[in-house]
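Here the sequence shown stands for residues 0 to 310, where the numbers follow numbering that gives the first Met the number 0.
Built from N, CA and C at the ideal position, the CB exists for glycine as well.
Fair warning: this is a prediction, and the values are worked out from it, not measured in the lab.
See below for the structure under consideration.
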Amino acid sequence: MAVRIQSDAVVSQEAAPKLMAALPAFEGLSTVSPTTVATPCAIERVYRHRLPVRVSHWLNVPFLIILIMSGLQIFNAHPVLYWGDRSDRDQALLSIRPMATESGDVKGITTILGHQFDTTGVLGYSDGMRRAFPAWATIPSAKWLAMGRQWHLLFAWLFVINGLIFTAYAVASRHVTRDLAPTGRDWRSIGKSLKEHLVFRHPIGEEARRYNVLQKLAYATVLFLLGPLIVLTGLAMSPTIDTAFPWLLTILGGRQAARTIHFVACFSFIGFILIHVFQVIMTGFFNNICSMITGWFAVKYVKRRVQEFHV
Numbered sequence: 000m001a002v003r004i005q006s007d008a009v010v011s012q013e014a015a016p017k018l019m020a021a022l023p024a025f026e027g028l029s030t031v032s033p034t035t036v037a038t039p040c041a042i043e044r045v046y047r048h049r050l051p052v053r054v055s056h057w058l059n060v061p062f063l064i065i066l067i068m069s070g071l072q073i074f075n076a077h078p079v080l081y082w083g084d085r086s087d088r089d090q091a092l093l094s095i096r097p098m099a100t101e102s103g104d105v106k107g108i109t110t111i112l113g114h115q116f117d118t119t120g121v122l123g124y125s126d127g128m129r130r131a132f133p134a135w136a137t138i139p140s141a142k143w144l145a146m147g148r149q150w151h152l153l154f155a156w157l158f159v160i161n162g163l164i165f166t167a168y169a170v171a172s173r174h175v176t177r178d179l180a181p182t183g184r185d186w187r188s189i190g191k192s193l194k195e196h197l198v199f200r201h202p203i204g205e206e207a208r209r210y211n212v213l214q215k216l217a218y219a220t221v222l223f224l225l226g227p228l229i230v231l232t233g234l235a236m237s238p239t240i241d242t243a244f245p246w247l248l249t250i251l252g253g254r255q256a257a258r259t260i261h262f263v264a265c266f267s268f269i270g271f272i273l274i275h276v277f278q279v280i281m282t283g284f285f286n287n288i289c290s291m292i293t294g295w296f297a298v299k300y301v302k303r304r305v306q307e308f309h310v
């Protein structure tokens with residue numbers, strides 16, 4: 000005789016006597032052997048990303064790649080960061096430079112807050128060239144500062160225009176309040192969400208239909224903090240902008256401080272991009288890519304478990 004019970008919970012062997020006592024049909028029976036039979040997984044397609052979101056996302060891909068690589072080209076012209084309004088090598092926060100050894104070899108040395116690190120082959124000295132960032136990380140070529148500045152300025156304005164259009168859409172369509180603003184429930188579950196991400200356990204079913212709290216915080220930080228910060232610090236390094244808005248440098252702490260903040264914001268973007276791509280791969284690469292192309296996202300629901308008791 001077999002009795003089948005469909006449930007989202009697993010009935011353990013230890014729970015079998017309680018089940019027998021609860022069901023009159025089992026009275027007098029002594030053998031209960033539960034097994035689990037999995038039913039097919041349900042998949043629902045939901046419209047997750049609207050067209051303006053998708054267009055803005057894909058435009059930012061080449062914009063950010065070119066901005067980052069041309070920015071590194073510009074940084075290579077003076078690979079030292081300071082705080083304040085003036086340059087003082089004795090007070091440098093960061094420097095990347097080649098250094099000759101006693102044996103005549105050349106090493107790449109990166110100094111952060113007075114602490115030196117050997118970064119030969121990556122920073123300071125790579126492929127036989129004395130340069131802060133390697134040639135493969137800079138565009139339009141290994142050494143072309145003038146053109147690098149022109150590329151950087153052009154794509155900076157394209158990035159700003161794209162960002163302004165997206166922000167206007169996000170506010171007008173309530174994308175910000177509906178999809179990006181954390182709710183009280185989100186804040187209460189932030190610890191759980193962080194723990195699940197650390198063990199690579201990602202939302203499925205109903206929870207996968209919307210952004211989780213960590214996604215909301217990350218996207219909101221990029222949109223309302225990192226984006227404006229990197230644009231303002233970039234503008235502050237322009238003599239023309241300084242003349243028109245001298246208070247901007249004062250707020251940021253000086254020209255060199257603005258340059259340092261710009262550099263940190265740039266690498267914060269790089270960190271966000273790396274984590275974003277990693278999460279895209281870990282949570283279903285093709286599903287995520289297709290959703291950002293077509294807008295449709297496949298949500299998988301937990302398999303319903305069937306308890307079959309043999310008595």
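Residue range of the beta strand (DSSP E) that residue i falls in?
{"i": "residue 109", "result": "105-111"}
{"i": "residue 173", "result": "Looking at the DSSP string, residue 173 is not in any beta strand (DSSP E), and its letter there is neither H nor E."}
{"i": "residue 138", "result": "Taken as a continuous stretch (DSSP letters only), residue 138 belongs to no beta strand (DSSP E), as it is neither H nor E."}
{"i": "residue 43", "result": "42-46"}
{"i": "residue 129", "result": "128-130"}
If you reduce the DSSP assignment to three classes, tell me which class residue i lands in.
{"i": "residue 299", "result": "strand"}
{"i": "residue 257", "result": "helix"}
{"i": "residue 92", "result": "coil"}
{"i": "residue 227", "result": "helix"}
{"i": "residue 196", "result": "helix"}
{"i": "residue 114", "result": "strand"}
{"i": "residue 81", "result": "coil"}
{"i": "residue 97", "result": "strand"}
{"i": "residue 55", "result": "helix"}
{"i": "residue 236", "result": "coil"}
{"i": "residue 123", "result": "strand"}
{"i": "residue 156", "result": "helix"}
{"i": "residue 180", "result": "coil"}
{"i": "residue 161", "result": "helix"}
{"i": "residue 151", "result": "helix"}
What residues in its chain sit with their C-beta under 6 Å from that of residue i, if we drop five residues either side in the sequence?
{"i": "residue 76", "result": "144"}
{"i": "residue 51", "result": "168"}
{"i": "residue 118", "result": "107 and 109"}
Taking the alpha helix (DSSP H) that residue i falls in, what are its first and last residues?
{"i": "residue 187", "result": "183-187"}
{"i": "residue 212", "result": "212-220"}
{"i": "residue 292", "result": "284-293"}
{"i": "residue 250", "result": "246-251"}
Report all residues from its chain with a CB closer than 7 Å to the CB of residue i; omit the five preceding and five following residues, and keep chain order.
{"i": "residue 85", "result": "255"}
{"i": "residue 225", "result": "264, 267 and 268"}
Alpha carbon to alpha carbon, how far is residue i from residue j?
{"i": "residue 126", "j": "residue 90", "result": "29 Å"}
{"i": "residue 107", "j": "residue 80", "result": "17 Å"}
{"i": "residue 101", "j": "residue 142", "result": "28 Å"}
{"i": "residue 194", "j": "residue 281", "result": "16 Å"}
{"i": "residue 188", "j": "residue 122", "result": "41 Å"}
{"i": "residue 259", "j": "residue 73", "result": "13 Å"}
{"i": "residue 110", "j": "residue 97", "result": "11 Å"}
{"i": "residue 168", "j": "residue 133", "result": "39 Å"}
{"i": "residue 116", "j": "residue 175", "result": "42 Å"}
{"i": "residue 140", "j": "residue 202", "result": "43 Å"}
{"i": "residue 70", "j": "residue 150", "result": "9 Å"}
{"i": "residue 300", "j": "residue 283", "result": "14 Å"}
{"i": "residue 295", "j": "residue 93", "result": "45 Å"}
{"i": "residue 232", "j": "residue 257", "result": "5 Å"}
{"i": "residue 253", "j": "residue 261", "result": "12 Å"}
{"i": "residue 272", "j": "residue 58", "result": "14 Å"}
{"i": "residue 95", "j": "residue 44", "result": "50 Å"}
{"i": "residue 279", "j": "residue 196", "result": "13 Å"}
{"i": "residue 157", "j": "residue 147", "result": "15 Å"}
{"i": "residue 285", "j": "residue 171", "result": "30 Å"}
{"i": "residue 184", "j": "residue 219", "result": "17 Å"}
{"i": "residue 249", "j": "residue 240", "result": "13 Å"}
Since residue i and residue j are thought to touch, with beta carbons under 8 Å apart, how far apart are those beta carbons, to the nearest angstrom?
{"i": "residue 48", "j": "residue 236", "result": "Not really, about 34 Å apart at Cβ, beyond 8 Å."}
{"i": "residue 228", "j": "residue 264", "result": "5 Å"}
{"i": "residue 297", "j": "residue 42", "result": "5 Å"}
{"i": "residue 131", "j": "residue 61", "result": "About 24 Å; that fails the 8 Å criterion."}
{"i": "residue 105", "j": "residue 129", "result": "7 Å"}
{"i": "residue 66", "j": "residue 154", "result": "5 Å"}
With a threshold of 8 Å between beta carbons, is residue i in contact with chain B?
{"i": "residue 135", "result": "Here there is only one protein chain, and chain B is not present."}
Can you list, in chain order, the residues of its chain with a C-beta nearer than 8 Å to that of residue i? Leave out the 5 residues immediately preceding and following it.
{"i": "residue 204", "result": "298, 299, 300 and 301"}
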